[in-house]
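What follows is one structure encoded as structure tokens, with my remarks underneath.
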Amino acid sequence: MLSFILTVLAFAAGVYLYLVLTCFFTERAFMAGYHSEILRTSSHAAALQAALRALARRAPFDALSVAEIEHAGLVLAAVLNPRAVARIVRLLARGRDARLLANDDFLRGVVFTHGQLLG
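10 is the number of the first residue of the sequence shown in the numbering used here; add one for each residue after it.
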């Protein structure tokens, strides 16, 4: 019985470590911030900005200024699918470099690519 409990605990620890390393919780935090703000304001752009501001205290997003986060939220508002933005946030967190959100060329590329996928 003890070996079964230890096996289950090891499996749970492995799953948790996998989720942490793939930045699953960052994506969930972004979506939670987005959903809570969209219920308050019903504005997609404001909800994206609020969700990005909620991540501003976490690494690697703490390297960005408030103005850069606000600008990224406004530009990414053109991407109408918040889950697509959440996946981008997850990939940036996984790469441990969120400075791409301050790069206008990157943001334009994201919006252009997402627009091409819809069209």
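Here a beta-carbon is modelled for each residue, glycine too, at the ideal position from N, C-alpha and C. Given the structure is predicted, the values throughout are model-derived calculations rather than measurements.
Buried or exposed for residue i, please, with buried defined as at least 16 other CB atoms from any protein chain shown within 10 angstroms of its CB.
i, result
"Gly42", "buried"
"Leu61", "buried"
"His53", "buried"
If you check the beta carbons only, do residue i and residue j fall under 9 Å apart?
i, j, result
"Ile97", "Leu89", "no"
"Ala102", "Glu36", "yes"
"Ala38", "Glu46", "no"
"Leu110", "Leu73", "yes"
"His44", "Ala93", "no"
Starting from residue i, trace the alpha helix (DSSP H) both ways and give me its first and last residue.
i, result
"Pro69", "Run containing Pro69: none; DSSP gives neither H nor E here."
"Asn30", "Per the sequence shown, the amino acid found at residue 30 is Leu instead of Asn. It spans Leu11 to Leu30 - the alpha helix (DSSP H) in which Leu30 sits, taken as one unbroken run."
"Val3", "This structure leaves residue 3 out entirely; the chain is present only between 10 and 128."
"Ala55", "His53 to Ala63"
"Ala41", "Phe33 to Thr50"
"Val75", "Val75 to Leu85"
query = Do the segment 64 to 78 and the segment 14 to 34 make contact, defined as three or more Cβ pairs closer than 8 Å?
reply = Cβ pair count under 8 Å is below three, so no.
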